[in-house]
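Chains as they are written, first to last, in our numbering: chain A, 1 to 379; chain B, 380 to 643.
Even glycine gets a Cβ: it sits at the ideal position worked out from N, Cα and C.
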Amino acid sequence: MDFKLTKAQLLQQELFRNFAETEIKPIAKDMDEAEEYSQELVAKLQKIGAFGIPYSREYGGQGADVLTYTLAMEEMSKIDASTGITLSVHTSLCCPCINEFGTEEQKQEFLRPLIDGRKVGCFGLTEPNAGTDASGVQTTADKEGDYYIINGSKMFTTNSGFADTFIVFALTDKSKGSRGMSAFILDRDMPGLSVSDNIERMGIRAASNCAVTYENVKVPANRLLGKEGQGYKIAMTALGGGRIGIGAQSVGIAQGAIDEALKYVKERKQGGRTINKYQNTQFKLAECQTKVDAARLMVWRAATAKDNHENYAPLAAMCKLFASEVANEVTRVCVQLLGGYGYCREYPVERAMRDAKITEIYEGTSEAMKMIISGSMKV
Amino acid sequence: MKIVVCIKQVPDTVEVKIDPKTGTLIRDGVPSIINPDDKTGIEAALQLKEKMAGSTVTVVSMGPPQADVALREALAMGCDEAILVSGREFGGSDTYATSGILAAALNTLEYDIIITGRQAIDGDTAQVGPQIGEKIGVPQVSYVEEIREVAEDHVVVKRQFEDGYHIIKIKTPCLLTAIAELAQPRYMSVKGVVEAYEKEIKILGFEDLKDNLELDMIGLKGSPTNVYQSFTKEVKGAGTILKDLSAEQAVKAIVDKLEEKFII
């Protein structure tokens, strides 16, 4: 067993780290305050290939592996968790639906521009009354000739404020519940599709997260993904892999907070010495780093399993459950180490602690993760 | 157009210190980077390639096998080929011996423009680039801050000078040394890194270059330089800026200062 990154992965990590430090760090706080994601930054991320990391070069992707994608998620989220989720929803929720279930024509037409850096995608499953219980989706798609007519509303669609491509889940057969759900590829400019303002949130405020309404949206039949009734399976497959990205985002948030705290405790003096000389500081940071390392190893294990086409779903659920809880605990400890300053907006640990909370909620709550894990254990 | 860029892997001097006892760099735990002026050179070469269809950029570095990482980074930025000049015989070379080895390596390649960085942040000599130019016998311009024109048989460049600049038309093949103002280096790309590790880095050792190299011209033996002492420069105090003064007030302020210091 070898826990080392390859030389290529190390160089990728250096690319992501340099990029995040140089391009994201100077604007992360401002984006959070403005509750708006910089489109200039999106363009820069597209240029380095950040939106197509684990996808085949044959379709315009970058040809790297899932593990490399987790390195990007960690390095970006260390500096700005909003960038993490922007990449993640595109890369591990939207694109897999087309990559794994799309026809050759759909891949050429819709996947290629998403992974070669021309377009950004989003994923619309959650509804005002259908969260963890995704089978409660009420949005409908009625077939009329060569079209489907989509009606309904979706909630918390990340990236929807600026995304070009929308994967939308709707019922083609209301009588069958989740087995009557189908997945469609929509364009932002289709008549009847409208996006709300950015929803005011506690954390990851820079990320675009809106309600999307679909009113008699006429979608050509060739935009159905897979077959009618396969929608639930497609959504669950995407979410199963997406959790590896959220695990990596959580590791990044936590590591970023530790890095900030480490700097601070070496400078801050109390009682005549810098506070890193106190054993409480040393032990707290030791505990934090140990937990983050454990979470990172779980993320890498899940990513490696996905790269090797093994059954990764329970591993992904475990890494997300553990890493998201570690992110919350570690950011809370780091705010405490910075004392009153940790509570101030001027210090990035304040933002990290707010950002961490969502990792226990989205792409499956911690409770949903426990259902998946216990299910895989056949409890 | 065939463009060759010479790069050096250096310790990141932002994080490096000098051992006060031995006078040498403490390299332990210090990350290695592509020398910044050389990275500028890579960017300038890639921009030329984008302008001139059918051009290629070859990147060359002399160093130990670990310098491979710097070459992979250059490939990931978009260079086409990489060559590592490496061998035990080359160890201990000063700038004079190094430029001889690199000149011998360049003699095995085709080139229209050779770009090097002005100087490396570890030695700060600014000698290797110009010495290569002399040894392979091509015209050279150092301190290039802009490449204004590129044609079949010449380039027009802007050379930074202490009190201004020079616009110089130079016949190709030629050698240019780059300063930071020339270009802002691009990032690698994810695909670039993937492909950089799929390519092979060509290694040139002494055996490959021996037709153009004598053993006593390289390594410690071929290096006339002896470093007497290395030290960290002491930081001078910051200057004073006097603003919004009339000509008369300015003259008085300067004369007062000079008198205060007993200079006049």
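By a beta-carbon distance limit of 8 Å, Val168 (chain A) does not contact Gly229 (chain A). Their separation comes to about 15 Å. Annotated three-state conformation of Gly121 (chain A) is strand, per DSSP.
With respect to the C-alpha of Gln62 (chain A), the residue from A:Leu15, A:Thr68 and A:Gly49 having the closest C-alpha is A:Gly49. The beta carbon of Leu592 (chain B) is closer than 8 Å to those of Gly479, Ile480, Ala483 and Phe585 in its chain, skipping five residues each way along the sequence. In the DSSP assignment, Ala141 (chain A) falls within the unbroken beta strand (DSSP E) covering Thr140 to Glu144. Exclusion of the five residues before and after Met73 (chain A) leaves Gly84, Leu87, Ser88, Gly245, Ala248, Gln249 and Gly252 as the residues of its chain whose Cβ lies within less than 7 Å of its Cβ.
By the Cβ rule, the region 317-331 of chain A counts as touching the region 351-370 of chain A, because three or more pairs are nearer than 8 Å. The region 338-358 of chain A and the region 283-300 of chain A do not touch, with fewer than three beta-carbon pairs separated by less than 8 Å.
Residue-level contact check: Met380 (chain B) does not touch chain A, since none of the beta carbons of chain A fall below 7 Å from its beta carbon.
Each of A:Gly60, A:Phe19 and A:Ile185 was checked against the Cα of Pro113 (chain A), and the nearest Cα belongs to A:Gly60. The three-state secondary structure of Ala64 (chain A), taken from DSSP, is coil. Pro96 (chain A) counts as buried, since no fewer than 16 other beta carbons sit within 10 angstroms of its beta carbon. In chain order, Gln106, Lys107, Phe110, Leu111, Leu114, Ile167, Ile185 and Leu225 place their CB closer than 8 Å to the CB of Ile98 (chain A), counting only its own chain and leaving out the 5 sequence neighbours on each side. Secondary structure of Ser160 (chain A) (DSSP, three-state): coil.
Put simply, the CB of Met456 (chain B) is far from chain A, with every gap to its CB atoms at 7 Å or more. Leaving aside the five residues that flank Ile405 (chain B) on each side, the residues in its chain whose CB is nearer than 8 Å to its CB run, in chain order, Val395, Lys396, Ile397 and Asp398. Residue environment: Pro410 (chain B) is assigned as exposed (fewer than 16 neighbouring CB atoms within 10 Å of its CB, all protein chains considered). In terms of Cβ geometry, Ser194 (chain A) and Cys210 (chain A) do not form a close pair [threshold 7 Å].
Our two residues, Lys47 (chain A) and Thr237 (chain A), have alpha carbons roughly 28 Å apart in a direct line. Within 9 Å of the CB of Arg57 (chain A), the CB atoms of chain B belong to Lys570, Val573 and Glu574, in sequence order along the chain. Apart from sequence neighbours up to five positions away, the residues of its chain that approach Leu93 (chain A) with a beta-carbon distance below 6 Å are Phe123, Ala238 and Gly242, ordered along the chain.
Counting other Cβ atoms within 10 Å of its Cβ, His90 (chain A) reaches 16 or more and is therefore classed as buried.
Beta-bridge partners assigned by DSSP to Leu10 (chain A): none are found. In the three-state reduction of the DSSP assignment, Arg273 (chain A) falls in the strand class. Taking 7 Å as the threshold, the shortest C-beta distance from Gly242 (chain A) to chain B does not fall below it. The region 265-273 of chain A makes no contact with the region 286-301 of chain A, as fewer than three CB pairs between them are under 8 Å.
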